[in-house]
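Protein chains in written order, with this note's numbering: chain A, 1 to 554; chain B, 1 to 220.
Cβ atoms here follow ideal geometry from the backbone N, Cα and C, with glycine treated the same way.
What follows is one structure encoded as structure tokens, with my remarks underneath.
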Amino acid sequence: MFIIKNATRNIKKALVRNILIGIIVLAIGVCSTIALAISNAATTLQENGLANTKITASISAIPVKMDSAATGTIQERRKALTESVSGQAVLTLDDYKKYADVSSVEGTYYSGTTSLNGPEDKAFVKYSTTEEDESEDDASQLAQRGGKASMDGGTVSVFKLASTDFAVTGYSSPTAMTEFQNGTKLISTDDAGEKEGAVFDFGTDNSEIIISDELASFNESKVGDEITLVNPQDNTITYTLKIVGIYTTAATDSDNASSMMGREMSFANPANAIYMNYETYARIFETVQSASAAAAAAAGEEGVTNFNPMEKQGVSFTYIFDNIENYEQFADQAATAGLDTEKYQIKSTDLTSFEASLTPLNNLKDFSNKLLWIVLAIGVVVLTIINAFNIRERKYEIGVYLGIGVNKAKVAMQFIVELLVVSLIAILIGVGAGAAASPSIANSLLEKQIATATAETATKTSNFGKDTGPIVQSLDTAAGQTSTGPDAMGGGPGGRAAAAAAPIEYVDSVDAAVNIQIVLELILAAALIVFLASLITVSSVMRYEPLRILADRT
Amino acid sequence: MTVLQLKDISYSYPTKRNVLQDINLNFEKGKIYSITGKSGGGKTTLLSLLAGLDVTTDGEVLFNGDDLDKIDRYKYRAKNVGVIFQSYNLLPSFTAAENITMSLDASGMRISKPQRKELINQLLDVVNLEREYAKVPVGHMSGGQQQRIAIARALCYGPDVILADEPTGNLDSDTQDDILEIFTRLAHDENKCVIIVTHSKEVAEVCDEQIRISKGRIIS
Ligand SMILES: Nc1ncnc2c1ncn2[C@@H]1O[C@H](COP(=O)(O)OP(=O)(O)OP(=O)(O)O)[C@@H](O)[C@H]1O
Ligand SMILES: [Mg+2]
């Protein structure tokens, strides 16, 4: 009773001193509220960001180290690459489907890509950006493309596949067409506002295709036209395909460095991508494969024939999981189903890109956490010092209390209660102010972090040509690009190349709202600071003897 | 009736030995005592021991037969004994009423607000101070007025023993008489035990018993 009454009396008496303490605690409160709100928001986003979203993942071969290949002649390098790739057992569509049977997998989709040429009569030609490019003869084009390709894909230039006109991709289902799912590509509308056809049907080999608006207008093709494409290995094998739709690529800000680069190189021009269902594709792919084998046999280059990663890889298979927990179970289940985890890895680009998107936020979180500890430490130090002065100044008062029979514990308690009451009032005001300020402060801090992260990415891109995980990614894409042509740059098998090339969309706003938990944490923190600062109070009061103090006064 | 008893007391400060030696004294309720003696003789030291502000080196102080070493000294000071310090020891920034209330709260006495106000007024009447002074910060009062507030504070919770160190030291003779009258009345009419340390012969003569100390020993 004495404690509370006297504490309130004293707070009122020494208003200036208490306001000073209050301001310090208030500053601590504002800073820590903001820091906690940011850190809390980051954690929530990290934990819940993927909680209810579907996750997609694919299985890929773990790249073999090719240290020896980095040095040596072209022939030596080609041999090493051949050995390393052909040495790996490659998964077939049936393998992929087998692993999809496990309980964690919700669904699957898959696609395959190969290359075809235009017909000899030039009734249908590839889209090209420059006049000269079109007028060039095949030989010089080959040389040009080969040169560029080798820059990217290592040994590509030695294969005839590099000279193909069109990248042909077959999809198992609409979900497989990720670019059409996320709106990067859509069926275009003509001048009259009518849709130009529709996406082909799935499930049966129907020879239906959709082509890009650029390619369509270049060839003056319309929906309903039939075109003929040619097997790149054997021009006697032709394929008659029916255009059922024309698509357009939505203008996005993803016209970044690498897709610009793609447009420059005509062989990689996304406008030359042709899409169909997987059944149609599978029929075409089989003939391309056998023609390629025949051609190689005729040339007597056995070793090299084996090295066509696309032939082996063929299919890009994607597993869909209902949630992250299921995805995390998949590795074990697939291993039980027979997947050799020494040779293959399971990777989710969703997860990788989600984690990448959190980079600035996580940096901010780290910063906030550090700030929080610094602020709290400074708080303890400053309050302890103020408190120590406070106690010295009030030594006589303590003597009086002890003299009139208030015991030391009560006197110490009274001082602590005073500090606690002032601190709690200040911290509550601080939390209020911090809560009001934290969303905008958090977001402007985040903006700076994004700017930093973007600058870093730009540096990496200019150094390595792509952003994430340079070694692994470039090996993956190199293998994928060897025979695929245009699409490798745009969508690529399994979307790996896309993931590497697409700009990371950083989480650019954070809901740094202050919740009850934060308020409680801060009150607790304030209590802790007061407690620590109060240790000095307690030790001083315990040391004081009333007689000495009161005698000093005389 | 003996309320306070000193049995074979001796006391040494860490830096000064034998400040008090072989003291045996009995203090009774209803009587007023004076302690006189030369400066440095150990009067204040003796009062501190009686107030439980310090601990004897040898011997014991008994309150109603209980050794002070064995009871809670803080409680003893808060409830059973009222000390009027030579330097008053009031909190100057608090009003007279607040200073008194603090002691009331410390004693654990539970009274309602109006009762408390009434009690403070009565105490101010007792020490001959106008009631308006209740709201005046003690720091704004004269020495004599502070002295009287210190007395009021020592009386507020009705202790059996009142200890006063030079309570008239800085007062003019009229005020001194006033204060002495209060102490005598407390002893004789209210059955308190009042012990006054003083240099003044006048004061000592008014008391029922006169104790004289020299060099730490009682000489009469
Ligand atoms: N805290 C202390 N430490 C050491 N010695 C002390 C202390 N207080 C007092 N003394 C010494 O003890 C002796 C008695 O002091 P005390 O204050 O009891 O004297 P007193 O009789 O009250 O004197 P006065 O009449 O001047 O008030 C003195 O010699 C004094 O110097
Ligand atoms: Mg003295």
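Ligand 2 heavy atom lying under 7 Å from the CB of residue i
| i | result |
| --- | --- |
| D8(B) | no |
| D165(B) | yes |
Beta-carbon gap between residue i and residue j smaller than 8 Å
| i | j | result |
| --- | --- | --- |
| G379(A) | I28(A) | yes |
| V127(B) | A152(B) | yes |
| L186(B) | I162(B) | yes |
| T565(A) | I536(A) | The first residue shown for chain A is 1 and the last is 554, placing residue 565(A) beyond what the model contains. |
| L91(B) | V138(B) | yes |
| K185(A) | S207(A) | no |
| I62(A) | Y344(A) | yes |
| S10(B) | T57(B) | yes |
| V375(A) | A7(A) | no |
| I518(A) | N48(A) | no |
| T280(A) | G197(A) | no |
| L50(A) | F354(A) | yes |
| F321(A) | S60(A) | no |
| A562(A) | T113(A) | The structure shown does not extend to residue 562(A), since chain A is modelled only from 1 through 554, so no value can be given for it. |
| M109(B) | Y157(B) | yes |
| E372(A) | L36(A) | It should be pointed out that residue 372(A) corresponds to Leu in this sequence rather than to Glu. Closer than 8 Å, so yes. |
| S93(B) | I211(B) | no |
| I55(A) | M413(A) | no |
| A437(A) | I34(A) | yes |
| L424(A) | I523(A) | yes |
| G403(A) | N24(B) | no |
| D165(B) | Q86(B) | yes |
As assigned by DSSP and simplified to three states, the class of residue i
| i | result |
| --- | --- |
| E202(B) | helix |
| F85(B) | coil |
| D178(B) | helix |
| C193(B) | strand |
| Q46(A) | helix |
| E342(A) | coil |
| G262(A) | Confidence is the limiting factor: at G262(A) the pLDDT is only 45, short of 50, which leaves the residue's position unreliable and the question unanswerable from this model. |
| I149(B) | helix |
| Y560(A) | Here chain A comprises residues numbered 1 to 554, so residue 560(A) is not present and cannot be evaluated. |
| N128(B) | coil |
| E220(A) | coil |
| R110(B) | coil |
| T57(B) | coil |
| T108(A) | strand |
| N117(A) | strand |
heavy atom of ligand 1 below 7 Å from residue i C-beta
| i | result |
| --- | --- |
| K43(B) | yes |
| G37(B) | yes |
| Y13(B) | yes |
| V19(B) | yes |
| K16(B) | yes |
| G158(B) | no |
| G65(B) | no |
| M52(B) | The question names Met, yet the displayed sequence has Gly at residue 52(B). For ligand 1, not one heavy atom lies less than 7 Å from the Cβ of G52(B). |
| G144(B) | no |
| G40(B) | yes |
Cβ separation of residue i and residue j, assumed to be a contact under 8 Å, to the nearest whole Å
| i | j | result |
| --- | --- | --- |
| G399(A) | P546(A) | 5 Å |
| S32(A) | A525(A) | 6 Å |
| T168(B) | T36(B) | At roughly 13 Å, the Cβ-Cβ gap does not stay under 8 Å, so T168(B) and T36(B) are not in contact. |
| Y110(A) | T318(A) | 6 Å |
| K192(B) | K79(B) | Not quite, the Cβ-Cβ distance comes to about 14 Å (not below 8 Å), so this is no contact. |
| E209(B) | K31(B) | 6 Å |
| N231(A) | V315(A) | Actually they do not touch by this definition, with Cβ atoms about 19 Å apart. |
Any non-hydrogen atom of ligand 4 within 7 Å of residue i CB
| i | result |
| --- | --- |
| G399(A) | In the structure shown, ligand 4 is absent; the only ligands present are ligand 1 and ligand 2. |
Is there contact between the stretch 116–128 of chain A and the stretch 232–241 of chain A, where contact requires at least three CB pairs shorter than 8 Å? yes
Specify whether the stretch 323–340 of chain A and the stretch 404–419 of chain A touch according to this definition: at least 3 beta carbon pairs, one from each stretch, less than 8 Å apart. no
With three or more beta-carbon pairs closer than 8 Å as the criterion, would you say the stretch 3–18 of chain B touches the stretch 50–57 of chain B? yes
Can you confirm whether the stretch 129–145 of chain B touches the stretch 197–213 of chain B when touching is taken to mean that 3 or more C-beta pairs between the two stretches lie within less than 8 Å? no
Cβ contact (3+ pairs, closer than 8 Å) linking the stretch 186–205 of chain A and the stretch 96–103 of chain A: no
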